[in-house]
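Working notes, beginning with the structure itself.
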Amino acid sequence: MQCQKATVQMNGLCNVKKVADLCSVNGFSEAALDKKKHNKPDEVTLSTMEEAYSTILRGLGENTERQGLKSTPGRAARAMQFFTKGYRETVQDVLNDAVFDEDHDEMVIVKDIEMFSLCEHHLVPFFGKVHIGYLPNQKIVGLSKLARVVEMYSRRLQVQERLTKQIAIAIVEALKPAGVAVIVEAEHMCMVMRGVQKKNSRTITSAMLGVFREDPKTREEFLSLIKS
Amino acid sequence: MERTKAKLSDNLTGTPPQTVNRHLEERLATTKYAARTGSSQVVCENGVPLSTVPDSWKEERTRSLEDNEMSLPSLAAAYTTILRGLGEDPERQGLLKTPWRAATAMQYFTKGYQEKITDVLNDAIFDEDHDEMVIVKDIDMFSMCEHHLVPFIGKVHIGYLPNKRVLGLSKLARIVEIYSRRLQVQERLTKQIAVAITEALKPAGVGVVIEATAKEGGAY
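Line by line, the protein sequences give chains A and B. Add 2 to a position in the first sequence, counting from 1, and you land on the number used in the working numbering. Add 619 to a position in the second sequence, counting from 1, and you land on the number used in the working numbering.
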């Protein structure tokens, strides 16, 4: 399926190419799914997923006929589609032309953006906060659009490292700023609810591009501003 | 306690309590517990005798480790179908083993079905002449919402007034673990914990408070 190939391509790029290469790839953030095909979830797909969930419930030893579980396959399938709705969005749609010309060359920071995502390894949620900062270069973006970009990339099957990078690259491509910094701080339920079971641990990943990467003072300013 | 006992036995002829995990009915019908309910049994739609809420704490295990191993391939296949249905490519590196990992994780999240309360409690009930409140609070709880298969996590606080019998304190946390590691509804979870302690200790009273949040972010 074309959509799957695009997803592979999109995820593959992040894993393999260096940052400089990524920045020069036009439309990297647009390598999303073919929108026409995936604008609306397929009826057939939904019922296939419902059957899969019924199989899972039975495999766990539960009785799918009991009152509490009767509609669970349908609900769980729709919930999973909601958790992965980011696949059906593109950066172009999300930004909605809210890029403006402005002669501002100081740091712009939007911090404490809530993020809920799904770990692609266990299909278990991880959630936390995203802090984004950028140094504009004649173009600024509507502030809520930064949160929308976070939403779009987090509502997918993700790995925290890739999520951070995708957000950063999307802003770079949309605005061509002097620099972008993204920090994601999250708790992973796959670590809390199972496995090593460490409740209070958090994972922090960051992506520093442009002047944030080159100039330590700029980076320091960003880090101290998000702490306050 | 006598008054409570009378109220519980009235349930035998009352409407089927919604809080019982019905899948246990078939198992219970074939065990000695079915005989205990006597002739005035309540039956649910498929004619299987319904146990009352108080009996549910003695339920048999519905799953064994062998069952887990045997159902793993079909669970993994179901997860592969789900990944395809979402538009993802199950062959890409990050998702290659995900169906197996997700299936094992889900079996872990429902491991309460493999355990029995009596196994946990039998050795840790002691005769003690203590009649003041005993409270264990801030017990971490991780459960799965049975309606959407989404985790909800929180804290459980348990208090009871002993009546000559006390329970090992960690056993309260174990009871929470057994009942929460299932497909649950918070109301039922609370009641099952309370009833299990009541039946095991016959205390003067039990209080259970659960505060939890679902971790899915947003309404859908």
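Ideal placement from N, C-alpha and C gives every residue a C-beta, glycine not left out.
Requested in this report: Kindly indicate the opening and closing residues of the beta strand (DSSP E) around residue 715 of chain B.
Outcome: Residue 715 of chain B -> no beta strand (DSSP E), and no H or E assigned at all.
Query raised in the report: Residues of chain A with a CB under 8 Å from the CB of residue 760 of chain B: which are they?
Result: Chain-order list of chain A residues neighbouring residue 760 of chain B: empty, with the shortest C-beta distance near 10 Å, by a criterion of under 8 Å.
Report task. Return the chain-ordered list of same chain residues with a C-beta closer than 8 Å to the C-beta of residue 696 of chain B, the five sequence neighbours on each side being excluded. Result -> These residues qualify, in order along the chain: 718.
**Report entry** As assigned by DSSP and simplified to three states, the class of residue 105 of chain A
**Finding:** The three-state secondary structure of residue 105 of chain A, taken from DSSP, is coil.
**Report entry** For residue 222 of chain A and residue 145 of chain A, the rounded distance between their alpha carbons
**Finding:** Roughly 22 Å between the two C-alpha positions.
Query raised in the report: With 9 Å set as the bound, which would you pick, yes or no: does the beta-carbon of residue 681 of chain B sit closer than that to a beta-carbon of chain A?
Result: Residue contact check for residue 681 of chain B against chain A: a CB pair falls below 9 Å.
Query raised in the report: Going by the CB atoms, is the gap between residue 744 of chain B and residue 777 of chain B shorter than 9 Å?
Result: Contact flag unset, no.
Query raised in the report: Does DSSP classify residue 130 of chain A as helix, strand or coil?
Result: Under the three-state reduction of DSSP output, residue 130 of chain A falls in the strand class.
**Report entry** Residues near residue 209 of chain A by beta carbon distance below 6 Å, same chain, minus five either side
**Finding:** Correct list, in chain order: 166, 167, 170 and 184.
**Report entry** residue 796 of chain B - DSSP class collapsed to helix/strand/coil
**Finding:** In the structure shown, residue 796 of chain B sits in a helix (DSSP, three-state: H, G or I).
Query raised in the report: Between the region 732-748 of chain B and the region 699-709 of chain B, do at least 3 Cβ pairs fall closer than 8 Å?
Result: Cβ pair count under 8 Å is below three, so no.
Query raised in the report: Taking the alpha-carbon positions, what's the residue 198 of chain A to residue 125 of chain A distance?
Result: The alpha-carbon atoms of residue 198 of chain A and residue 125 of chain A are separated by roughly 17 Å.
Requested in this report: Alpha carbon to alpha carbon, how far is residue 76 of chain A from residue 49 of chain A? Give it in angstroms, no decimals.
Outcome: If I take the Cα positions, the gap works out to 8 Å.
**Report entry** Cβ-based burial, residue 752 of chain B [other Cβ within 10 Å; buried from 16]
**Finding:** The residue is exposed, with fewer than 16 neighbouring Cβ atoms inside 10 Å.
**Report entry** residue 204 of chain A burial status per 10 Å Cβ neighbour count (16 or more: buried)
**Finding:** Exposed.
Query raised in the report: In chain A, what lies closer than 7 Å to residue 776 of chain B by C-beta?
Result: Within 7 Å Cβ-Cβ: nothing; residue 776 of chain B doesn't reach chain A, min ~17 Å.
Query raised in the report: The alpha helix (DSSP H) with residue 686 of chain B in it runs from where to where?
Result: Element bounds for residue 686 of chain B: 684-704.
Query raised in the report: Among residues of its own chain, excluding the 5 on either side of residue 207 of chain A, which ones have a beta-carbon nearer than 7 Å to its beta-carbon?
Result: The answer, listed in chain order, is 162, 163, 166 and 186.
Report task. Can you say whether residue 58 of chain A is buried or exposed, counting buried as having 16 or more other CB atoms within 10 angstroms of its CB? Result -> Residue burial is scored here from C-beta neighbours: residue 58 of chain A has at least 16 other C-beta atoms within 10 angstroms and is therefore classed as buried.
Query raised in the report: Based on the DSSP secondary-structure assignment, which residues constitute the bridge partners of residue 209 of chain A?
Result: Residue 209 of chain A pairs with A:184.
Requested in this report: Please check if any C-beta of chain B sits within less than 9 Å of the C-beta of residue 146 of chain A.
Outcome: By this cut-off, residue 146 of chain A is not an interface position.
Requested in this report: Return the chain-ordered list of same chain residues with a C-beta closer than 8 Å to the C-beta of residue 234 of chain A, the five sequence neighbours on each side being excluded.
Outcome: Absent from the structure is residue 234 of chain A, since the part of chain A shown begins at 3 and ends at 230.
Query raised in the report: Looking only at C-alpha atoms, which of A:181, A:147 and A:218 sits nearest to residue 96 of chain A?
Result: Answer by Cα proximity: A:147.
Query raised in the report: Helix, strand or coil: how does DSSP classify residue 753 of chain B here?
Result: Under the three-state reduction of DSSP output, residue 753 of chain B falls in the strand class.
Report task. Please confirm if the region 760-767 of chain B is in contact with the region 686-695 of chain B, defined as three or more CB-CB distances below 8 Å between the two stretches. Result -> Segments in contact, no.
Query raised in the report: When the cut-off is 9 Å and only beta carbons count, does residue 83 of chain A lie next to chain B?
Result: Residue 83 of chain A counts as touching chain B.
Report task. Verify the CB distance criterion: does residue 167 of chain A have a CB-CB separation below 9 Å to chain B? Result -> Between residue 167 of chain A and chain B, the shortest Cβ-Cβ separation is not below 9 Å.
Query raised in the report: Can you tell which of B:700, B:756, B:766 and B:681 has its C-alpha closest to the C-alpha of residue 803 of chain B?
Result: Answer by Cα proximity: B:766.
**Report entry** Pair within 9 Å by beta-carbon distance, residue 117 of chain A and residue 152 of chain A
**Finding:** By the CB criterion at 9 Å, residue 117 of chain A and residue 152 of chain A fall inside the cutoff.
Query raised in the report: Mind checking if residue 770 of chain B is an interface residue toward chain A, Cβ cutoff 9 Å exclusive?
Result: Chain A contact via Cβ: present.
Query raised in the report: Can a CB atom of chain B be found closer than 9 Å to the CB of residue 204 of chain A?
Result: By this cut-off, residue 204 of chain A is not an interface position.
**Report entry** Close beta carbons around residue 819 of chain B, own chain, < 6 Å, minus the five adjacent residues each side
**Finding:** 740, listed in sequence order.
Requested in this report: Answer with buried or exposed for residue 754 of chain B, where buried requires no fewer than 16 other C-beta atoms within 10 angstroms of its C-beta.
Outcome: Exposed.
Query - C-alpha gap between residue 104 of chain A and residue 139 of chain A, whole angstroms - result: Rounded to whole angstroms, residue 104 of chain A to residue 139 of chain A spans 9 Å at the Cα level.
Query - DSSP bridge partner residues for residue 192 of chain A (one or two, in chain order) - result: Looking at the DSSP output, residue 192 of chain A bridges to nothing.
Query - residue 701 of chain B vs residue 191 of chain A beta-carbon contact at 9 Å - result: It is not a contact, given that the beta carbons lie outside the stated cut-off.
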